[in-house]
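Student: Okay, so the sequence shown: first residue is 1 according to my numbering, each after it adds one.
Structure incoming, see below.
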Amino acid sequence: MPETRLSSFDGNLFLAHIAIDDGKSITVLPTGRIPVRQGLSVAIPVNYTPYRVIRRKAARYTARQIAATVRISDEELKGHLVEFSSAAWRIELEGADLEGIAFHDPAEPRNNVVITLCAEKGTSTLQARCRILRFWRDAERQGLVVEALEDAIPVFNKRKIRNPRISLTPPPVIRFTHPLSGNQVEIEAAEIGSSGFSVAGSPDETVLIPGLVIDRVELSFPGVPPIACSAQVVHRTDCPLGDTEKRRFGFAILDISIEGYTRLMRILQRTFEPCIRISPEFSSQGLWELFFDTDFLYPDKYALVQANREAFRNTHEKVTAGDPDVAKSFVYQKGNTIYAHIGLVRAYEQSWLLHHHSARPADGRLSGLLVLRHAMYFLNDIYRYPSAAMKYAICYFRPQNRFPRYAFGGFAEHLNEPGGCSLYEFAYTLWDKKTHVVCFPDGWWVTPMKENHINYIYARYSDSALRLLLDSMGMGSSPEATMALEGAYAKHGLIRTITRQILCYEDQIAGIVLINRSDPGLNFSDLLNSIHFIALPDAADVITPEAVKTAISIACTRYPQARVPVLYFPARVCPSNKRYAYWALNVAYGDEFMVYMNEKFKL
Numbered sequence: 001m002p003e004t005r006l007s008s009f010d011g012n013l014f015l016a017h018i019a020i021d022d023g024k025s026i027t028v029l030p031t032g033r034i035p036v037r038q039g040l041s042v043a044i045p046v047n048y049t050p051y052r053v054i055r056r057k058a059a060r061y062t063a064r065q066i067a068a069t070v071r072i073s074d075e076e077l078k079g080h081l082v083e084f085s086s087a088a089w090r091i092e093l094e095g096a097d098l099e100g101i102a103f104h105d106p107a108e109p110r111n112n113v114v115i116t117l118c119a120e121k122g123t124s125t126l127q128a129r130c131r132i133l134r135f136w137r138d139a140e141r142q143g144l145v146v147e148a149l150e151d152a153i154p155v156f157n158k159r160k161i162r163n164p165r166i167s168l169t170p171p172p173v174i175r176f177t178h179p180l181s182g183n184q185v186e187i188e189a190a191e192i193g194s195s196g197f198s199v200a201g202s203p204d205e206t207v208l209i210p211g212l213v214i215d216r217v218e219l220s221f222p223g224v225p226p227i228a229c230s231a232q233v234v235h236r237t238d239c240p241l242g243d244t245e246k247r248r249f250g251f252a253i254l255d256i257s258i259e260g261y262t263r264l265m266r267i268l269q270r271t272f273e274p275c276i277r278i279s280p281e282f283s284s285q286g287l288w289e290l291f292f293d294t295d296f297l298y299p300d301k302y303a304l305v306q307a308n309r310e311a312f313r314n315t316h317e318k319v320t321a322g323d324p325d326v327a328k329s330f331v332y333q334k335g336n337t338i339y340a341h342i343g344l345v346r347a348y349e350q351s352w353l354l355h356h357h358s359a360r361p362a363d364g365r366l367s368g369l370l371v372l373r374h375a376m377y378f379l380n381d382i383y384r385y386p387s388a389a390m391k392y393a394i395c396y397f398r399p400q401n402r403f404p405r406y407a408f409g410g411f412a413e414h415l416n417e418p419g420g421c422s423l424y425e426f427a428y429t430l431w432d433k434k435t436h437v438v439c440f441p442d443g444w445w446v447t448p449m450k451e452n453h454i455n456y457i458y459a460r461y462s463d464s465a466l467r468l469l470l471d472s473m474g475m476g477s478s479p480e481a482t483m484a485l486e487g488a489y490a491k492h493g494l495i496r497t498i499t500r501q502i503l504c505y506e507d508q509i510a511g512i513v514l515i516n517r518s519d520p521g522l523n524f525s526d527l528l529n530s531i532h533f534i535a536l537p538d539a540a541d542v543i544t545p546e547a548v549k550t551a552i553s554i555a556c557t558r559y560p561q562a563r564v565p566v567l568y569f570p571a572r573v574c575p576s577n578k579r580y581a582y583w584a585l586n587v588a589y590g591d592e593f594m595v596y597m598n599e600k601f602k603l
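This is the structure we're talking about:
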């Protein structure tokens, strides 16, 4: 009892015993009748033997400012968590009439209970379906004791192909502050992957409850700074080999930064495929040698690179050596030789572009397929994390290229789900800015795209394959999302701006003008430094070449170079023989794509 409260007693207060509660048991030390005045000291003999009053089945912990909401059938009660263990929780209810609580399930009257626990920030820390074990009441308080009913609370849908989970030696250490008690927890990971990890420990020591959300978890690997993420306990199971003292707990990663995810993937991929490197763990000079050796830089592409050689090199160096969170490169390297490469770049607000895929033979191994597989591993989990802001994977390729046509185009045909994966053919030209057209034909005009415009387009084409094309190019993105993308590039000294306009005839929207700006070399074909024109299906009868040329000519004034790449969809809008296929995948269908690739190429 604090000294400030002892002054209110008249000296008739005596200490009869000392009780020490360590959570697992209560140890009592009888002291006799020691008067308590303004201070107290007790000497305990060395050979003194205390006795235990209670030996609990599970250790109890005092909760720290955890609000509780108890929903029993249609009734909702408010209170707070008093103490908890791995087996049960004690909740104090505020102003509740426990005797008046109506149970509507006579067969199992105490099982229809949902408990939500919230920390001081107000975010949900735990939500679980529970069983009421008993009610309790003392002179001033009342409440109930509950136990959780479920050992597994799935966060994500199960997938046919999951990224590998591995056991590392020495194992990484998992550290976090327990959200209910405030105690520090440190435990070794039994397995870890890009979507989560598992630990094995005593339930009493860890008090890990399925559904428990932990805002900050640190994954500590030897020799590298900790990787931070948020995670949730999703299941608890018996440990293998009959270890009855421990249980295994599975965690799902809820969110992780792109930088942290990349560092985690480097560690994991280095373990199960040592020849795979993620930028910047390789030489950019070796990469240029690969590009030239594999004829990746065919004559037209090489001419584009040669015209802006230094700018291309500077951009490529920033992308590969600078390790920005908007671009990643994967290579297959043995010794000092790079045998395969594929790049990822955040092209639009919620879309990542697969590009620069090139490969050469590597001792009988299909190095090109290996880097593609690991790029897909990278995408396979990251899209679920809010920090990645990712919903789509996209790719441009020439239709005559057999591998992407078979892999990407083949999957679009196999899936046969326009909203999940589709292929679009664009015509391609290089617009010479000397061909300047300034006057629209009568009735035609362009204006910046606004929310009501895209809402109208989406409502009109909601069930068509055009919707995936528009979504993957960020047509419905908010101005804030576009500014965030541009800022992410600017942070690394890179340019990325996106301007969207609509081409109108009188009061009808006829097409969309997408003005992409980026540094030369972000994409070697400059497809992210180009104009895309998309004609809407309903405008086929009214759209004219003169109107399109005028819109393109006006858009080209935003570019410093003399010739600007322009892509047209559908391809018939432009009389050009050069074509690009644009492949878009809703990454919610990523598991189906991984299964397809595994079956076709035995990945």
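All C-beta atoms, glycine included, are put in the ideal place defined by N, C-alpha and C.
Bear in mind that the values here come from a model prediction, so they are computed numbers and not experimental data.
Could you tell me if Lys328 is buried or exposed, where buried requires 16 or more neighbouring beta carbons within 10 angstroms of its beta carbon?
Tutor: Buried.
Student: Thinking Val446 and Gln501 are a contact (beta carbons under 8 angstroms), I'd like their distance in whole angstroms, please.
Tutor: The Cβ separation is near 5 angstroms, so the contact holds.
Student: With distances taken Cα to Cα, identify the nearest neighbour of Pro203 among Met376, Val185, Gly419.
Tutor: With distances taken between Cα atoms, Pro203 lies closest to Val185.
Student: So, is Thr320 buried or exposed, given that buried needs 16 or more other C-beta atoms within 10 angstroms?
Tutor: Classification of Thr320: buried, given that the 10 Å Cβ count is 16 or more.
Student: Just to confirm the assignment, what range does the alpha helix (DSSP H) spanning Ala481 have?
Tutor: 479–490 is the span of the alpha helix (DSSP H), which, as asked, contains Ala481.
Student: What residue range does the beta strand (DSSP E) around Ile227 cover?
Tutor: 227–238 is the span of the beta strand (DSSP E), which, as asked, contains Ile227.
Student: Relative to the C-alpha of Val146, which residue among Val82, Glu205, Thr125, Val173 is closest?
Tutor: Of Val82, Glu205, Thr125, Val173, the residue nearest in Cα terms is Val82.
Student: With burial defined as no fewer than 16 other Cβ atoms inside 10 Å of the residue's Cβ, what is the status of Lys434: buried or exposed?
Tutor: The residue in question, Lys434, is exposed, as its Cβ has fewer than 16 Cβ neighbours within 10 Å.
Student: In terms of DSSP beta bridges, what is Ser220 paired with?
Tutor: According to DSSP, which records beta bridges pairwise, Ser220 is partnered with Val173.
Student: Below 8 angstroms, how does it come out for the region 392–407 and the region 544–554: are there three or more Cβ pairs, yes or no?
Tutor: Because the criterion of three Cβ pairs below 8 angstroms is not met, the region 392–407 and the region 544–554 do not touch.
Student: Going along the chain, which residues of its own chain have a beta-carbon closer than 6 angstroms to the beta-carbon of Ala535, five neighbours each way excluded?
Tutor: Cβ within range, chain order: Gly511, Ile543, Val573.
Student: From the DSSP output, in three-state form, read off Leu466 for me.
Tutor: Looking at Leu466 - three-state DSSP - the assignment turns out to be helix.
Student: Look at the alpha carbon of Gly335 and the alpha carbon of Pro280, and state the distance between them as a whole number of angstroms.
Tutor: Roughly 16 angstroms between the two C-alpha positions.
Student: What is the DSSP secondary structure of Ala375, reduced to helix, strand or coil?
Tutor: Correct three-state label for Ala375: helix.
Student: Excluding the five sequence neighbours on either side, which residues of its own chain have a C-beta within less than 7 angstroms of the C-beta of Phe411, listed in chain order?
Tutor: Only Cys421, Phe593, Tyr596 meet the Cβ criterion.
Student: Within 10 angstroms of its Cβ, does Pro520 collect 16 or more other Cβ (buried), or is it exposed?
Tutor: Pro520 is buried by the Cβ-count criterion.
Student: Quick one: Cα of Asp105 to Cα of Val114, how far?
Tutor: Because the pLDDT at Asp105 is just 49, under 50, the model does not fix this residue reliably, and the point stays unresolved.
Student: Does the distance from the C-beta atom of Cys229 to that of Ala200 stay below 8 angstroms?
Tutor: No, these two residues do not count as a Cβ contact at 8 angstroms.
Student: Tell me whether Tyr580 sits in a helix, a strand or coil according to DSSP, three-state version.
Tutor: Residue state, collapsed to three classes: strand.
Student: Should Thr557 be labelled buried (16 or more other beta-carbon atoms within 10 Å of its own) or exposed?
Tutor: Flag for Thr557 reads exposed.
Student: DSSP has Gly511 in a bridge; who is on the other side?
Tutor: According to DSSP, which records beta bridges pairwise, Gly511 is partnered with Leu503, Ala535.
Student: Could you check where the beta strand (DSSP E) with Pro545 kicks off and where it finishes?
Tutor: No beta strand (DSSP E) holds Pro545; the alpha helix (DSSP H) holding it covers 545–556.
Student: Between Leu430 and Tyr589, is the Cβ-Cβ spacing less than 8 angstroms?
Tutor: Not closer than 8 angstroms, so no.
Student: Whose C-beta lies closer than 8 angstroms to the C-beta of Leu528 among residues of the same chain, with five residues either side of it excluded?
Tutor: If we look at Leu528 and ignore the five residues flanking it on each side, its Cβ neighbours are Val345, Ala347, Leu353, Arg496, Asn516, Ser518, Leu522.
Student: DSSP on Thr294, reduced to helix/strand/coil?
Tutor: The answer is coil: DSSP assigns Thr294 none of H, G, I, E or B.
Student: Are the beta-carbon atoms of Val326 and Ala488 separated by less than 8 angstroms?
Tutor: Against a cut-off of 8 angstroms, the Cβ pair of Ala488 and Val326 comes out as a contact.
Student: According to DSSP, is Asp215 helix, strand or coil?
Tutor: The answer is strand: DSSP assigns Asp215 an E or B state.
Student: Can you confirm whether the region 149–166 touches the region 59–76 when touching is taken to mean that 3 or more C-beta pairs between the two stretches lie within less than 8 angstroms?
Tutor: Short answer: they don't touch.
Student: Can the beta-carbon of Ile209 be found less than 8 angstroms from the beta-carbon of Phe176?
Tutor: No.
Student: Does DSSP classify Ile256 as helix, strand or coil?
Tutor: Residue state, collapsed to three classes: coil.
Student: Would you list the one or two residues that DSSP bridges to Asp526?
Tutor: DSSP, once it has assigned bridges, lists no residue as partnering Asp526.
Student: Under the three-state reduction of DSSP, which class applies to Gln269: helix, strand or coil?
Tutor: If DSSP states are grouped into helix, strand and coil, Gln269 belongs with the helices.
Student: Take Arg90 as the anchor and find which of Arg134, Val564, Ala459 has the nearest alpha-carbon.
Tutor: Residue Arg134 is the option with its Cα nearest to Arg90.
Student: Let me know the beta strand (DSSP E) ranges lying completely inside the region 139–171, each 3 residues or longer, listed in chain order.
Tutor: Segments of the beta strand (DSSP E) lying fully in the region 139–171: 142–148.
Student: Would you mind reading off the limits of the beta strand (DSSP E) that contains Asp93?
Tutor: This sequence places Leu at residue 93; Asp is not what is there. Start and end: 89–93.
Student: For Pro448, name the three-state secondary structure that DSSP assigns.
Tutor: Strand at Pro448.
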